[in-house]
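J.:
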Amino acid sequence: MAKQTDRAIAGTVREHDAALGGLIRSNPLAILVVDADDCVQLANPAFEALFGYREAELVGQPIAAFIVPKALIDEAAGLSRSGFEGRTARSVTQRRRKDGTLIDVELTVVPLATSGSAIGAYGMFRDLTEQKRAERHLRAQYAVIEALAQSSTIEAAAVGVLRAVAESVEWQVGAMWLVDKTAARLRCVDFWRADGVDAAAFERRTRESQFARGVGPGRTWEMRDAAWIVDVTKEPKFSRRESAAAAGLHAAFSFPMLLDGDVVGVVEFFTSMVLQPDPAILKMFAALGQQLGEFVGRTRAQEQLEHFFTMSGDLLCIANFDGYFARVNATWNRLLGYTTTELLSQPYIELVHHEDREATAVVESTLRRGEPLNAFENRFRCKDGTYRWLQWTATPRLDEQLIYAVAHDTTDRKLLEQQTQETLKMRNDFVSFVTHQLRTPLSGIKWMLELANETTDAGERSSYIDDARESADRLIGLVNDLLDVSRLESGKLQLSLEPVCVRELTDGVLSDVATLVREKGHAVTVESEPDMPDAVLDLQLMRQVILNLTSNAIKYTPPDGRIEITMGSRGRALYWSIRDSGIGISPDAQKRLFEKFFRADNAHAVDTEGTGLGLYLVRLIVERLGGTIGCESEEGRGTLFHFTLPMTAGDPT
Amino acid sequence: MTQPTKSILLAEDDRFLRRACETKLKQAGFDVRVAVDGEEALTMAREQSPDLLLLDLLMPRRDGLSVLATLRGDPKTKEIPVVIMSNSSKDLERQKAASLGVVDYWIKSNLSLQELCDRVSQLLQKPK
Chain A
1 MAKQTDRAIA
11 GTVREHDAAL
21 GGLIRSNPLA
31 ILVVDADDCV
41 QLANPAFEAL
51 FGYREAELVG
61 QPIAAFIVPK
71 ALIDEAAGLS
81 RSGFEGRTAR
91 SVTQRRRKDG
101 TLIDVELTVV
111 PLATSGSAIG
121 AYGMFRDLTE
131 QKRAERHLRA
141 QYAVIEALAQ
151 SSTIEAAAVG
161 VLRAVAESVE
171 WQVGAMWLVD
181 KTAARLRCVD
191 FWRADGVDAA
201 AFERRTRESQ
211 FARGVGPGRT
221 WEMRDAAWIV
231 DVTKEPKFSR
241 RESAAAAGLH
251 AAFSFPMLLD
261 GDVVGVVEFF
271 TSMVLQPDPA
281 ILKMFAALGQ
291 QLGEFVGRTR
301 AQEQLEHFFT
311 MSGDLLCIAN
321 FDGYFARVNA
331 TWNRLLGYTT
341 TELLSQPYIE
351 LVHHEDREAT
361 AVVESTLRRG
371 EPLNAFENRF
381 RCKDGTYRWL
391 QWTATPRLDE
401 QLIYAVAHDT
411 TDRKLLEQQT
421 QETLKMRNDF
431 VSFVTHQLRT
441 PLSGIKWMLE
451 LANETTDAGE
461 RSSYIDDARE
471 SADRLIGLVN
481 DLLDVSRLES
491 GKLQLSLEPV
501 CVRELTDGVL
511 SDVATLVREK
521 GHAVTVESEP
531 DMPDAVLDLQ
541 LMRQVILNLT
551 SNAIKYTPPD
561 GRIEITMGSR
571 GRALYWSIRD
581 SGIGISPDAQ
591 KRLFEKFFRA
601 DNAHAVDTEG
611 TGLGLYLVRL
621 IVERLGGTIG
631 CESEEGRGTL
641 FHFTLPMTAG
651 DPT
Chain B
654 MTQPTKSILL
664 AEDDRFLRRA
674 CETKLKQAGF
684 DVRVAVDGEE
694 ALTMAREQSP
704 DLLLLDLLMP
714 RRDGLSVLAT
724 LRGDPKTKEI
734 PVVIMSNSSK
744 DLERQKAASL
754 GVVDYWIKSN
764 LSLQELCDRV
774 SQLLQKPK
């Protein structure tokens, strides 16, 4: 193929252009014509406008030297070759303007042919700057949304947001600031810089800085609007000027993060170029500022709820319909002692007291039908094996298959209720028991007096009156016991201490009950150490202890029994015991023997007049004198009661 | 018109109350036998089939309600009219006694001997 002259090509092109009604010259597409050596023959006005070259500067020159970036020389040559070989080729690529900036273009190379042979090529450049920018902005939007979606706080999202925005506008550094309302300052939340940008000092400076309203990024806070600085190194008010200059940063822009018209934060970006304000950038980021502000608002609302979730003294949880907890608050760990993992890794029904499981299952199925739950109570097992009463309020979410539930620990209240009931029952038992015990001698007195009144026989009358007196004595004894118990219980009883020979005291008591012993035919022995010292005790109280224990032994031992009393001193303590061959006390009854009003079943069978106060009174007195009392017994074989007292009441034994 | 002497079994462990009741009812002309505890009451009730059993509740060896239940479970004794005489006013005991079929439930301390005697006479005059 013979090479045509440049002039011939230009002429051919002009002919074509004329034939097409000035299609090339007046085309809004940038069009370039090259000859077979890839030298410029023609550049239309749209080309001049796009690339900044005059046609005259280019004609006759190899095009690669002007508009092809170094990295793309091979690509450009390949495209031209297609044209020369008669093929149309297309590429989305970049070319360089006269001012050195790169522009995105769609380049179409079309063969220039005369008489069927190619003599050069057309290059048609469509400016993709706007399209590319729109794409980048869209990508930035997606990246921002993604960063926000993956984070629960703006702090966590900050770096992702900064990178997405900076990369979309090809700026090198970004920083995010949040308003601290209490300090009335902007604080740096996070900082991002592109790889290869030496901005460590600037980053340090930025992270350390705080700005008041109206100062630095605080100006954006004050103005509630985006701001642009063409070159921060020339801006005297820019406090981070030196470190910015050291990092090679020049232009800056910032925009506010807005929530309902309030500035909650500021985002700023820096680039290594000196740039005039770009309205497109400013417009785009106004919308982003709104988006970030709303995110802050949402996360704060969530944080507030989160605070409630954590702070609550109640047990809060979200459970799946499949029977597992999905979330529990810290109160669960604190109250029940499990780790969160332990709570989430087993069906929660396994923590429910087995007696409450059926009711819990019923309640669960009600919830799964969509009905809310109120005031349901069950017991949950703690890690230490104890149980706590929980009172539940719950709401199901059918669409999520979740149950939102709050449980209040009512263990203490339950316990109190139980205690109150027990106290009440004890009081009722006490009243009916005392009523019965008082009525019996009262009836005796009343009836004996009635008989005495009716009879004319003096002997009969005096015998009725004797019985009435004896009934009255029993009544008085009972009332006295009740009074003693009451005084000892309240600690109001005054001790009257004096030296007491316990052996003499015991012998005295035995002579008082000698008639009873004789009637039942018991054999009684008393053993004491020969030179036992006197103890310092309350004589009357001591007498009552010995009398009660001795009377019991006599009463609860079948006729012709054996009773052995032993006493002695053990160090600074006095030891006294009484063993009988009586009916004995069952192990269960032994546990409750010294309780108020307790009467063993077999004791009751022997005697119904007992008040259940005797041994209780004995225990109260022994304890009041600083001692201890115990009992060993086998049913049907006999019982041993023993007590130990300090030689001087109240001293340690 | 003379009626045969009516027999009364008095089951009472308190010796003062027992003596007073026995004396009064005998003065009124009843044939009175006494039992000092639940076991004795049961044995005597079976042997004598009294016209009326005055039964205390809280007694040694066997309590009144147990005596009552045992009597009611035996065809030979289940028809014996029983009045509970107790100083206990527990509702539960009243209910148990009522469910086992008693003529009445008296609180001893609320009655004079004369009232007691009149009530017994009234009960025993009724045709069976």
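Line by line, the protein sequences give chains A and B. 1 is the number of the first residue of the first sequence in this note's numbering; add one for each residue after it. 654 is the number of the first residue of the second sequence in this note's numbering; add one for each residue after it. Cβ atoms here follow ideal geometry from the backbone N, Cα and C, with glycine treated the same way.
1) Buried or exposed, going by whether 16 or more other CB atoms sit within 10 Å of the CB of HIS436 (chain A)?
2) Quick check: is the beta carbon of HIS436 (chain A) nearer than 7 Å to any beta carbon in chain B?
3) Assuming GLY120 (chain A) and LEU32 (chain A) form a contact by the criterion Cβ under 8 Å, report the distance between their Cβ atoms to the nearest whole angstrom.
4) Would you mind stating whether PHE380 (chain A) and ARG388 (chain A) have Cβ atoms separated by less than 7 Å?
5) Going by the beta-carbon positions, is the gap between PRO734 (chain B) and LEU705 (chain B) smaller than 7 Å?
6) Pick helix, strand or coil for ARG25 (chain A), following the three-state DSSP scheme.
7) What did DSSP end up calling MET1 (chain A) once you bin it into helix, strand or coil?
8) Quick one: grab the DSSP three-state call for THR206 (chain A).
9) Provide the residue span of the alpha helix (DSSP H) that contains CYS674 (chain B), from first to last.
10) Does the distance from the C-beta atom of TRP228 (chain A) to that of PHE253 (chain A) stay below 7 Å?
11) If the cut is a Cβ gap below 8 Å, which residues of chain A does THR676 (chain B) touch?
12) Between which residues of its own chain and ASP190 (chain A) is the CB-CB distance below 8 Å, once the five residues before and five after are set aside?
13) Residues in its own chain within less than 6 Å of THR108 (chain A) by CB, not counting five upstream and five downstream?
14) Name the chain B residues whose beta carbon is nearer than 7 Å to that of ILE606 (chain A)?
15) Name the chain B residues whose beta carbon is nearer than 8 Å to that of LEU488 (chain A)?
16) Please classify MET426 (chain A) as buried or exposed, where buried requires at least 16 other C-beta atoms within 10 Å of its C-beta.
17) Leaving out five residues on either side along the sequence, give the residues of the same chain with a beta carbon under 8 Å from the beta carbon of ALA673 (chain B).
18) Secondary structure at LYS781 (chain B), three-state DSSP: helix, strand or coil?
19) Distance cutoff 7 Å, beta carbons only. Does SER569 (chain A) sit that close to anything in chain B?
20) Return the residues of the segment 657 to 689 of chain B that lie within a Cβ-Cβ distance of less than 9 Å from chain A, sorted by chain order.
21) Buried or exposed: where does VAL362 (chain A) fall if 16 or more other Cβ atoms within 10 Å of its Cβ makes it buried?
22) Flag MET654 (chain B) as yes if its beta-carbon sits less than 7 Å from any beta-carbon of chain A, otherwise no.
23) Quick check on this structure: which residue in A:GLN494, A:SER528, A:ILE563 has the alpha carbon closest to the alpha carbon of LEU537 (chain A)?
24) Would you verify that the beta carbon of SER765 (chain B) is, or is not, closer than 7 Å to some beta carbon of chain A?
25) Can you give the Cα-Cα distance for THR410 (chain A) and LEU178 (chain A), rounded to whole angstroms?
26) LEU617 (chain A) and VAL485 (chain A) - do their beta-carbons sit closer together than 7 Å?
27) Name the DSSP beta bridge partners of HIS408 (chain A), please?
28) Give me the Cβ distance between CYS631 (chain A) and ILE563 (chain A), rounded to the nearest whole Å; I'm assuming they're in contact under 8 Å.
29) To the nearest angstrom, how far is it from the Cα of LEU23 (chain A) to the Cα of THR101 (chain A)?
30) Using the Cα positions of TYR348 (chain A) and ALA589 (chain A), report the straight-line distance between them to the nearest angstrom.
31) Do LEU50 (chain A) and VAL13 (chain A) have their beta-carbon atoms positioned less than 7 Å apart in this structure?
32) So does the segment 274 to 282 of chain A actually touch the segment 238 to 246 of chain A, counting three or more Cβ pairs closer than 8 Å?
33) ASN329 (chain A) and PHE309 (chain A): beta carbons closer than 7 Å?
34) Check this for me: beta carbons of ARG193 (chain A) and VAL165 (chain A), under 7 Å apart or not?
35) So is LEU442 (chain A) in contact with chain B if we call contact Cβ pairs under 7 Å?
36) Go ahead and label GLN778 (chain B) buried or exposed: buried means 16 or more other beta carbons lie within 10 angstroms of its beta carbon, across all protein chains shown.
T.: From the atom records:
1) So HIS436 (chain A) ends up on the buried side.
2) Yes, HIS436 (chain A) lies at the interface with chain B (some Cβ there is under 7 Å from its Cβ).
3) So it is not a contact: roughly 10 Å between Cβ atoms.
4) With a cutoff of 7 Å on beta-carbon distance, PHE380 (chain A) and ARG388 (chain A) are scored as near each other.
5) Contact flag set, yes.
6) Three-state result, ARG25 (chain A): coil.
7) Note that MET1 (chain A) scores a pLDDT of 38, beneath 50, so its modelled location is shaky and nothing firm can be said.
8) Helix at THR206 (chain A).
9) Segment 668 to 680, the alpha helix (DSSP H) holding CYS674 (chain B).
10) Judged by their CB atoms, TRP228 (chain A) and PHE253 (chain A) are nearer to each other than the 7 Å cut-off.
11) Under the 8 Å cutoff, chain A gives LEU451.
12) Result list for ASP190 (chain A): GLU155, ALA158, VAL159, LEU162, ALA175, MET176, in chain order.
13) Excluding residues within five positions, the ones whose Cβ falls inside 6 Å are ARG90, MET124.
14) The sequence as given places Val at residue 606 (chain A); Ile does not occur at that position. Here the neighbours are PRO713.
15) Neighbours of LEU488 (chain A) on chain B: none; closest Cβ ~27 Å, over 8 Å.
16) So MET426 (chain A) ends up on the exposed side.
17) So the list reads LEU766, once near-sequence residues are dropped.
18) Confidence is the limiting factor: at LYS781 (chain B) the pLDDT is only 44, short of 50, which leaves the residue's position unreliable and the question unanswerable from this model.
19) No, no contact with chain B.
20) Residues of the segment 657 to 689 of chain B with a C-beta less than 9 Å from any C-beta of chain A: ASP666, ASP667, ARG668, PHE669, LEU670, ARG672, ALA673, CYS674, THR676, LYS677, GLN680, listed in chain order.
21) By the 10 Å Cβ count, VAL362 (chain A) comes out exposed.
22) Low per-residue confidence applies at MET654 (chain B): pLDDT is 45, beneath 50, and the placement is therefore not dependable enough to give any value.
23) Relative to LEU537 (chain A), the option among A:GLN494, A:SER528, A:ILE563 whose CA is nearest is A:GLN494.
24) Taking Cβ atoms only, chain A reaches closer than 7 Å to SER765 (chain B), which makes this a yes.
25) Rounded to the nearest angstrom, the two C-alpha atoms are 43 Å apart.
26) Taking 7 Å as the Cβ cut-off, VAL485 (chain A) and LEU617 (chain A) qualify as a contacting pair.
27) Partner(s): A:GLN391.
28) Contact annotation, CYS631 (chain A) with ILE563 (chain A): C-beta distance approximately 15 Å; criterion of less than 8 Å not satisfied.
29) In this structure, the straight-line span from the alpha carbon of LEU23 (chain A) to that of THR101 (chain A) is close to 28 Å.
30) Near 41 Å, if we compare the C-alpha coordinates of ALA589 (chain A) and TYR348 (chain A).
31) A distance of 7 Å or more separates the beta carbons of VAL13 (chain A) and LEU50 (chain A).
32) Cβ pair count under 8 Å is below three, so no.
33) The Cβ-Cβ distance between ASN329 (chain A) and PHE309 (chain A) falls below 7 Å.
34) No, these two residues do not count as a Cβ contact at 7 Å.
35) By this cut-off, LEU442 (chain A) is an interface position.
36) Under this definition GLN778 (chain B) is an exposed residue.
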